[in-house]
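Q: Numbering-wise (full-length UniProt numbering), the sequence shown opens with residue 1 and increments by one.
From the three backbone atoms N, C-alpha and C, an ideal C-beta is built for every residue, glycine too.
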Amino acid sequence: MARIIFLFILLSNTNILYVFSQFSNPSSYRLSPDATCGGLNGTEHNFYCPNYDCCSKNGFCGGTTAHCGVGCQPDYGVCGIPNDGLTSIETCKTNNTLALSLDDGLRPWTNHALAALNESGIKASFFVNGHNEADFCIYDHAEILQRIYKEGHLIGAHTWSHVQLGSASPDEIDFQLDTLDLAIRRILGVKLRYFRHPFGESVMYPYLRKALIRRGYKYIALWDVDTRDWATDLETARQSFPGLISDLKPHISLMHDRINTTVDSLLPYAIDTAKKLGYEFDTIPGCNGQHNKSDWYQVVGKPEKRDYKTWHCNPSDMNGGVL
Ligand SMILES: [Zn+2]
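Shown next, in the form of structure tokens:
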């Protein structure tokens with residue numbers, strides 16, 4: 001009998017210790033499979049956020065003020081917004097304004113996006129990669145990049161091959177930033193001030209923030225309207241779009257010019273829908289009061305002519321890149 005009681009106490013204690021450690025040691029939590037985290041709708045499910053993302057009070061992973069500021073859940077991710085010289089831009093400040101942003105280009109059909117924007121006199125924002133699919137290399141589309149620049153749209157960096165930065169080593173981060181920066185400098189003669197993280201992830205990664213600051217980046221461009229063109233079919237994205245902006249508040253919308261149906265169908269439809277709702281359009285810096293191009297770029301030289309010996313993309317650069 002004594003032995004049974006002893007065993008019971010041992011099990012009880014073990015159980016208590018185990019439960020305690022589950023709630024005090026994040027290493028025993030599970031990585032969030034779906035960007036939910038912490039206490040969601042009053043239910044603990046112990047998902048923690050991917051590297052350096054914050055868990056919001058409502059139980060979602062991300063890197064905005066709503067995720068990392070008041071109510072952030074420190075047991076399930078990082079919390080706090082450093083005052084280090086990098087500023088996150090999460091929406092537009094100008095009333096009635098929509099900032100269209102297009103990611104993951106360049107592609108040959110990015111020219112179609114420029115034509116649609118020109119037709120309506122719209123300035124947009126492009127966050128470009130260098131080599132994020134085997135068939136596409138930024139050096140092959142240098143003229144498109146120069147056209148975006150000349151036509152007054154914002155160009156921001158989005159890494160060389162669209163890796164998940166939260167799990168990238170410092171060396172990989174340096175490579176991802178430097179290889180794209182070099183291409184931009186050769187093609188445009190500028191350094192970029194705006195950066196957008198692939199997947200919007202790991203905005204609070206300390207090494208990455210320092211690496212961006214060292215290279216002259218000033219602004220992290222996030223978004224508050226996701227068309228989900230990357231996740232759904234074209235028709236679903238089109239049907240969802242009016243509801244995303246029906247509150248008539250200023251917004252930054254996310255879509256992808258690497259997807260040809262986005263460029264040829266969703267973008268014109270979004271422009272038309274937003275116009276009918278009474279929206280005007282601007283770039284991300286423009287709708288935040290930055291009309292001076294020195295806030296967008298630092299001029300460091302002149303555009304160069306292509307040197308085919310050195311201006312090329314290496315297929316092995318895409319190791320780890322994900323779209
Ligand atoms: Zn992207």
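On the three-pair Cβ rule with 8 angstroms, is the segment 185-198 touching the segment 155-169?
A: Output reads yes: the segment 155-169 touches the segment 185-198.
Q: Verify the contact flag: D104, CB atom, against every heavy atom of ligand 1, threshold strictly below 7 angstroms.
A: Yes, Cβ of D104 sits closer than 7 angstroms to a heavy atom of ligand 1.
Q: Check S24 in the structure and name its three-state DSSP category.
A: Residue placement at S24 is poorly supported in this model, since its pLDDT is 38, which falls under 50; the coordinates are not used for a value here.
Q: With a threshold of 7 angstroms (Cβ to nearest heavy atom), would P250 be considered close to ligand 1?
A: Not under cutoff, so the answer is no.
Q: Beta carbon of P50: closer than 7 angstroms to some heavy atom of ligand 1?
A: Outside the cutoff, so no.
Q: Do you know offhand how far D233's Cα is from G216's?
A: Approximately 37 angstroms between the Cα atoms of the pair.
Q: To the nearest angstrom, how far is the alpha carbon of L222 from that of T91?
A: Taking the straight line from one Cα to the other gives about 7 angstroms.
Q: Which first and last residues belong to the alpha helix (DSSP H) in which A211 is found?
A: First-last of the alpha helix (DSSP H) with A211: P206 to R214.
Q: Relative to the C-alpha of R214, which candidate in F60, L114 and L86 has its C-alpha closest?
A: Among F60, L114 and L86, the Cα nearest to that of R214 belongs to L86.
Q: Count the other C-beta atoms from every protein chain shown that fall within 10 angstroms of the C-beta of D181, then say buried if there are 16 or more, exposed otherwise.
A: Buried is the call here.
Q: My output table needs one value for K305: the three-state DSSP class, helix, strand or coil.
A: The answer is coil: DSSP assigns K305 none of H, G, I, E or B.
Q: Please classify S316 as buried or exposed, where buried requires at least 16 other C-beta atoms within 10 Å of its C-beta.
A: Exposed, by the Cβ-count rule.
Q: Residue range of the alpha helix (DSSP H) that D178 falls in?
A: Counting along the chain, the alpha helix (DSSP H) containing D178 begins and ends at P170 to L188.
Q: Classify Y297 as buried or exposed, calling it buried when 16 or more other Cβ atoms lie within 10 Å of its own Cβ.
A: With 16 or more other Cβ atoms within 10 Å, it is buried.
Q: L102 and A124 - do their beta-carbons sit closer together than 8 angstroms?
A: The answer is yes: Cβ separation under 8 angstroms.
Q: In this structure, does DSSP put R147 in helix, strand or coil?
A: Looking at R147 - three-state DSSP - the assignment turns out to be helix.
Q: When you compare each of G105, V203 and S240 to D135 by their alpha carbons, which one comes out closest?
A: Of G105, V203 and S240, the residue nearest in Cα terms is G105.
Q: Tell me where the beta strand (DSSP E) around Y219 begins and ends.
A: Y219 -> beta strand (DSSP E) spans Y219 to A221.
Q: Between the C-alpha atoms of N292 and H45, what's the straight-line distance to the nearest angstrom?
A: So the alpha carbons of these two residues sit roughly 47 angstroms apart.
Q: Taking the beta strand (DSSP E) that G289 falls in, what are its first and last residues?
A: That residue, G289, is in no beta strand (DSSP E); it is neither H nor E in DSSP.
Q: Comparing the CB of H158 with every heavy atom of ligand 1, is any distance shorter than 7 angstroms?
A: Within the cutoff, so yes.
Q: Heavy atom of ligand 1 less than 7 angstroms from the Cβ of H131, yes or no?
A: The answer is no for H131.
Q: F241 lies in the alpha helix (DSSP H); which residues open and close that run?
A: Where F241 is concerned, the enclosing alpha helix (DSSP H) stretches over L234 to L244.
Q: Could you check if H112 belongs to the surroundings of ligand 1, using beta carbon to heavy atom distance under 7 angstroms?
A: For ligand 1, not one heavy atom lies less than 7 angstroms from the Cβ of H112.
Q: Counting beta carbon pairs with one atom in the segment 198-213 and one in the segment 232-247, are three or more of them shorter than 8 angstroms?
A: The answer is no - the segment 198-213 does not touch the segment 232-247, with fewer than three Cβ pairs under 8 angstroms.
Q: Please tell me whether G62 and C72 are closer than 8 angstroms, where the distance is taken between their beta carbons.
A: Against a cut-off of 8 angstroms, the Cβ pair of C72 and G62 comes out as no contact.
Q: Give every residue of the same chain whose Cβ lies closer than 6 angstroms to the Cβ of T261, excluding the five residues on either side of it in the sequence, and list them in chain order.
A: Contacts found: L234.
Q: So, at 6 angstroms on beta carbons, what are the nonlocal neighbours of S24 in its own chain, with the 5 sequence-adjacent residues on each side left out?
A: Caution applies to S24, whose pLDDT of 38 falls short of 50 and renders its modelled position unreliable; the value that the coordinates give is listed next. So no residue of the chain qualifies.
Q: DSSP state of K276, grouped into three classes?
A: If DSSP states are grouped into helix, strand and coil, K276 belongs with the helices.
Q: Who pairs with S125 in a beta bridge, going by DSSP?
A: Partner(s): S101 and L154.
Q: Comparing C-alpha positions only, which one of S202, W160, Q164 and D174 sits nearest to A183?
A: Considering only alpha carbons, the answer is W160.
Q: So, helix, strand or coil for E68, using DSSP?
A: What sits at residue 68 in the sequence shown is Cys, not Glu. Helix.
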